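In case it helps, the UniProt record's numbering puts the sequence shown at residues 1 to 80.
See structure below.
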Amino acid sequence: MADLVVRSRLNTAGPGRAARVRPEAPVLVTVYPVLDYFSVCPRCGYTAEASTTVRTFADGTADSETHISCGMPCGRQETR
């Protein structure tokens with residue numbers, strides 16, 4: 001499975017424009033599936049799924065958060 005990489009358009013310069021870097025906007029956002037997450041939804045008991053989103057900023061710092069959701073019927077979601 002390939003990683004999903006989304007580049008922020010807030011920090012890129014277009015034709016004829018100078019680059020304006022906003023320090024609060026990430027320059028790179030990467031989403032990784034958590035393949036070893038084995039849990040069930042506490043609401044319906046169906047298998048849960050997880051992914052981790054890593055945001056990298058222009059100054060080199062990064063933060064991450066894990067998104068957990070029910071794989072099927074109830075649609076429950078949680079962020080850690």
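The beta-carbon is built from N, C-alpha and C at its ideal position, and this holds for glycine as well.
Here the structure is a predicted model, which means the values were calculated and not measured.
Between residue i and residue j, is the Cβ-Cβ spacing less than 7 Å?
i, j, result
"Pro26", "Ser51", "no"
"Glu49", "Ser69", "yes"
"Arg76", "Cys41", "yes"
"Thr66", "Leu28", "no"
"Val31", "Thr53", "yes"
For the putative contact between residue i and residue j, defined by C-beta atoms under 8 Å, what is the C-beta separation to the nearest angstrom?
i, j, result
"Ile46", "Gly71", "According to the sequence displayed, residue 46 carries Tyr and not Ile. Going by Cβ atoms, the distance from Tyr46 to Gly71 rounds to 6 Å, so yes, they are a contact pair."
Relative to the C-alpha of residue i, which candidate in the options has its C-alpha closest?
i, options, result
"Glu78", "Arg43, Thr30 and Gly60", "Arg43"
Could you check what DSSP says for residue i in three-state terms: helix, strand or coil?
i, result
"Asn44", "Looking at the sequence shown, residue 44 is not Asn but Cys. Cys44 falls in the coil class under three-state DSSP."
"Ser39", "coil"
"Ala25", "coil"
"Cys74", "coil"
"Thr61", "coil"
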